[in-house]
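Take the sequence shown: its position 202, counted from the start at 1, is 208 in my numbering, and no numbers get skipped. Cβ atoms here follow ideal geometry from the backbone N, Cα and C, with glycine treated the same way. Since the structure is predicted, the reported quantities are computational estimates derived from the model, not experimental observations. All remarks here apply to the structure that follows.
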Amino acid sequence: MDLGTAYLVLVVLDQNRKPIAGEYQFAQVARDGLVVDFVGAVDRLTAMKSRVEERLGRELSHAASAYPPGVPQAEVRATANVVEAAGFHCTGLVDEPSAANALIGLQNGVIVDVGGGTTGIAILHDGEVVYTADEPTGGTHFSLVIAGAHDIPFEEAESMKVDPSQQTRLFPIICPVMEKVASIVDRHVGIYKSQHGHPVEQLVLVGGTARFPGIAGVLEEYTGIPTQVPQRPLFVTPLGIAMHDIAA
Numbered sequence: 007m008d009l010g011t012a013y014l015v016l017v018v019l020d021q022n023r024k025p026i027a028g029e030y031q032f033a034q035v036a037r038d039g040l041v042v043d044f045v046g047a048v049d050r051l052t053a054m055k056s057r058v059e060e061r062l063g064r065e066l067s068h069a070a071s072a073y074p075p076g077v078p079q080a081e082v083r084a085t086a087n088v089v090e091a092a093g094f095h096c097t098g099l100v101d102e103p104s105a106a107n108a109l110i111g112l113q114n115g116v117i118v119d120v121g122g123g124t125t126g127i128a129i130l131h132d133g134e135v136v137y138t139a140d141e142p143t144g145g146t147h148f149s150l151v152i153a154g155a156h157d158i159p160f161e162e163a164e165s166m167k168v169d170p171s172q173q174t175r176l177f178p179i180i181c182p183v184m185e186k187v188a189s190i191v192d193r194h195v196g197i198y199k200s201q202h203g204h205p206v207e208q209l210v211l212v213g214g215t216a217r218f219p220g221i222a223g224v225l226e227e228y229t230g231i232p233t234q235v236p237q238r239p240l241f242v243t244p245l246g247i248a249m250h251d252i253a254a
């Protein structure tokens, strides 16, 4: 169960860690990775749970969830409360970078999770997360720039952003925001290198915003780090969360 700033994502794995069902929904019930609309989050997740259960023909009794790096413990607990109120037993909470890397398996490099409200950064050395950061720039900022440039409501800008037929002409408008994301990553990689002296060999982009064509090229050019985007980057962290649920 991933409670993102822009999307709620529910993923179900079987005992072999194979995805067998899932659902996602645009919903602004969290801000910067923190729950701000408890009732709205519970209502939506409860409905998603019911629909997936109907398709599977069985009850979903337990789930794990995740939180951004550096979040206060009280806020982390709020995420667990949402999961429990939606009818699950919360088996655990994992930080988002560790969840993503459960699927990616990166040894030495940086995972950049460009979500709706924030950019989360996790640097790994020998497969362990050794540095994390989270800063407020993400897909919502892309939509705000589009809305301002076209003088349209935010919701319409959000729809344009995810429309493949619009993305080529939108790229020049939102490229400065991509460069802002790249500058955040570059700064934190620089801090890490100055503290530890280890190279950062690879950059993997995840999160819904990573789906926008061209963002990987912008980050690679800005940081000088080879950059890749997995297929369906929106689901990398949710799948990793589900893997932690099975492990629990």
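At what residues does the alpha helix (DSSP H) containing ASP192 begin and finish? Taking the sequence shown and counting its residues from 1, the one referred to as residue 192 is at position 186. Where ASP192 is concerned, the enclosing alpha helix (DSSP H) stretches over 170-202.
Provide the residue(s) that pair with HIS131 in DSSP beta bridges, ordered along the chain. In the sequence shown, counting from the first residue as 1, residue 131 sits at position 125. The partner list for HIS131 (beta bridge, DSSP) reads GLU134.
Using a Cβ-Cβ cut-off of 7 Å (strictly less than) and excluding sequence neighbours within five positions of THR146, which residues of its own chain qualify? Here residue 146 is taken as the residue at index 140 of the sequence shown, counted from 1. Within the same chain, THR146 has close Cβ partners THR11, ALA12, GLY122 and GLY123.
Decide yes or no for the touch test of the stretch 81-97 against the stretch 210-222: beta carbon pairs closer than 8 Å, at least 3 of them. no
Measure the CB-CB distance between ASP8 and THR243 and report whether it falls below 8 Å. Within the sequence shown, residue 8 is the residue found at index 2, counting from 1. Within the sequence shown, residue 243 is the residue found at index 237, counting from 1. Yes; because the gap between Cβ atoms is below 8 Å, this pair is in contact.
Please confirm whether LEU240 and GLY213 have their CB atoms less than 8 Å apart. Here residue 240 corresponds to residue number 234 of the sequence shown, with the count starting at 1. Here residue 213 corresponds to residue number 207 of the sequence shown, with the count starting at 1. Result yes, Cβ atoms of LEU240 and GLY213 sit closer than 8 Å.
Please report the residue range of the alpha helix (DSSP H) in which GLY154 lies. Counting from 1 along the sequence shown, the entry for residue 154 is found at position 148. Start and end: 145-156.
Helix, strand or coil for GLY121, going by three-state DSSP, please let me know. In the sequence shown, counting from the first residue as 1, residue 121 sits at position 115. Here GLY121 sits in coil by DSSP.
Reduced DSSP category for SER67 - H, G, I as helix; E, B as strand; rest coil: Here residue 67 refers to the residue found at position 61 of the sequence shown. SER67 falls in the coil class under three-state DSSP.
Does DSSP put PRO142 in a helix, a strand or coil? Reading the sequence shown from its first residue, position 136 is the one you call residue 142. PRO142: coil per DSSP, three-state reduction.
DSSP on THR215, reduced to helix/strand/coil? Mapped onto the sequence shown, residue 215 falls at position 209. Here THR215 sits in helix by DSSP.
For the stretch 21-28 against the stretch 130-138, do three or more pairs of beta-carbon atoms, one drawn from each stretch, fall closer than 8 Å, so that the two count as touching? no
What does the Cβ neighbour count give for THR174, buried or exposed, with the cut at 16 atoms within 10 Å? The count along the sequence shown starts at 1 and reaches residue 174 at position 168. Result: exposed.
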